[in-house]
Amino acid sequence: MLYTDVKIVVDLGNGTLKVCGGSIVGSRTILTAAHCVMNKNNERTFHVPTVTVQVGEDSLDGGQRGCSEIFPVDLIVPHPSYDIVLQNNDIALVVLAKEIDFERKPCACKLCIKDKEPRAGSVCLVAGYGQTSRDNEGEEKASLKWFKQRVLRQAFDSKCAFHVKSSENTDLANFICAGDVDTDSSCQGDEGGPFVCFDESSDSHYAAGIISFSAGCGKHIGSQYTKVRNYLDWIENNSSWRTVAIQRGWNREIAREKW
């Protein structure tokens with residue numbers, strides 16, 4: 001099990017909460033989707049005091065591995081070119097008000113960021129608290145769940161083409177399309193969570209994508225994931241005190257699957 005996923009909770013008032021996922025990429029830095037941190041009209045970010053990040057929790061009913069903690073937020077940084085209509089640049093950073101103590105919290109760990117992306121056919125992992133199929137749309141999962149998704153050829157696979165719900169101007173070069181492995185897929189409530197792939201050359205997992213959007217829930221439906229590799233400079237320049245380590249290099253080898 002990878003303990004890199006967090007739950008981002010926004011208090012919208014009147015007892016209403018907005019829940020998204022995110023990935024721990026630094027002691028104070030959470031990687032998520034821009035649409036998770038914007039208000040209803042996507043005109044501005046949510047008011048910082050209304051946002052908290054829950055680390056180490058694996059269920060929505062309070063169950064955890066003994067080290068769940070709620071962190072206040074210090075700063076919210078959506079990509080300046082995020083476009084809600086076209087879905088372009090759906091990426092954001094949430095900076096915590098205090099550091100995560102990884103030595104004290106064995107159920108929390110950083111997810112690597114690398115200058116890599118998975119090749120078509122690779123099987124990667126997705127995590128989240130949201131629905132997993134059309135049958136249970138409107139219901140949240142009782143616990144954090146990981147499931148497999150196969151990387152599809154973005155420009156050629158018909159399972160991806162109809163998922164661009166905005167227009168043909170959506171820049172698919174900034175997305176990874178994946179699906180068609182498990183009966184589950186990313187769905188409402190999962191947005192912002194990690195799309196994690198395996199790098200065989202270093203025997204480690206890395207953040208390949210961020211759950212962005214899909215046409216629905218369930219098997220044979222490829223979801224779209226913001227391609228992290230295309231935003232390495234932006235992440236590095238906007239993370240907390242630039243403490244997020246990004247592995248770069250001239251080795252452009254495409255990561256292979258291993259599960």
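1 is the number of the first residue of the sequence shown in full-length UniProt numbering; add one for each residue after it. For each residue, glycine too, the CB sits at the ideal point set by N, CA and C. Keep in mind that this is a model prediction, so the values were computed, not measured.
Quick check on DSSP: helix, strand or coil for residue 139? Caution applies to residue 139, whose pLDDT of 48 falls short of 50 and renders its modelled position unreliable; the model cannot decide the point.
Let's see if you can read the secondary structure: which residues bound the beta strand (DSSP E) around residue 57? Unbroken beta strand (DSSP E) run through residue 57: 51 to 57.
Which of helix, strand or coil DSSP assigns to residue 34: If DSSP states are grouped into helix, strand and coil, residue 34 belongs with the helices.
Spell out a yes or no on whether the region 98 to 106 and the region 228 to 236 are touching, meaning 3 or more CB-CB pairs, one atom from each, closer than 8 Å. By the Cβ rule, the region 98 to 106 does not count as touching the region 228 to 236, because fewer than three pairs are nearer than 8 Å.
Hey, quick one: how far does the beta strand (DSSP E) through residue 199 stretch, first residue to last? Element bounds for residue 199: 194 to 199.
Contact the region 75 to 89 vs the region 110 to 128: 3+ CB pairs below 8 Å: With a cut-off of 8 Å, the region 110 to 128 and the region 75 to 89 do not count as touching, because too few Cβ pairs lie within range.
Which listed residue (33, 11 and 5) has its alpha carbon closest to that of residue 226: The shortest C-alpha separation from residue 226 is found at 33.
Residue 127 burial status per 10 Å Cβ neighbour count (16 or more: buried): Buried, because 16 or more other Cβ atoms sit within 10 Å of the Cβ of residue 127.
Comparing C-alpha positions only, which one of 70, 51, 50 and 93 sits nearest to residue 80? Comparing Cα positions, the closest option is 93.
Applying the criterion that 16 or more other CB atoms from any shown protein chain within 10 Å of the CB defines a buried residue, is residue 17 buried or exposed? So residue 17 counts as exposed.
Cα-Cα separation, residue 45 to residue 149: Using only the alpha carbons, I get a separation of about 30 Å.
In chain order, which beta strand (DSSP E) runs of at least 3 residues are fully inside the region 77 to 128? Within the region 77 to 128, the complete beta strand (DSSP E) runs of at least 3 residues are 92 to 96 and 123 to 128.
Under the rule that 16 or more other beta-carbon atoms within 10 Å means buried, what is residue 205, buried or exposed? Residue 205 is classed as buried because its beta carbon has at least 16 other beta carbons within 10 Å across all chains shown.
Restricting to Cα atoms, I'd like to know which of 247, 190 and 177 is closest to residue 199. Ranking 247, 190 and 177 by Cα distance to residue 199 puts 247 first.
Residue from 47, 70, 43 and 209 whose Cα sits closest to the Cα of residue 53: Distances from the alpha-carbon of residue 53 to those of 47, 70, 43 and 209 put 70 closest.
Do the CB positions of residue 37 and residue 76 come within less than 8 Å of each other? Yes, Cβ-Cβ distance for residue 37 and residue 76 is below 8 Å.
Hey, could you find the ends of the alpha helix (DSSP H) residue 144 is sitting in? Where residue 144 is concerned, there is no enclosing alpha helix (DSSP H), given that its DSSP letter is neither H nor E.
Rounded C-alpha distance that separates residue 224 from residue 105: Their Cα atoms are separated by approximately 31 Å.
Taking all protein chains shown into account, do 16 or more other C-beta atoms lie within 10 angstroms of the C-beta of residue 28, making it buried, or fewer, making it exposed? Flag for residue 28 reads buried.
Spatial distance of residue 41 from residue 7 (CA atoms): Note on geometry: alpha-carbon atoms of residue 41 and residue 7 lie some 22 Å from one another.
Span of the beta strand (DSSP E), counted from its first residue to its last, around residue 17: For residue 17, the uninterrupted beta strand (DSSP E) segment begins and ends at 16 to 24.
C-alpha distance - residue 210 paired with residue 177, whole-angstrom precision: Each residue's Cα considered, the two are about 11 Å apart.
Please classify residue 191 as buried or exposed, where buried requires at least 16 other C-beta atoms within 10 Å of its C-beta. Residue 191 is buried by the Cβ-count criterion.
Identify whether residue 43 lies in helix, strand or coil by the three-state DSSP scheme. Per DSSP, reduced to three states, the secondary structure at residue 43 is coil, with no helix or strand assignment.
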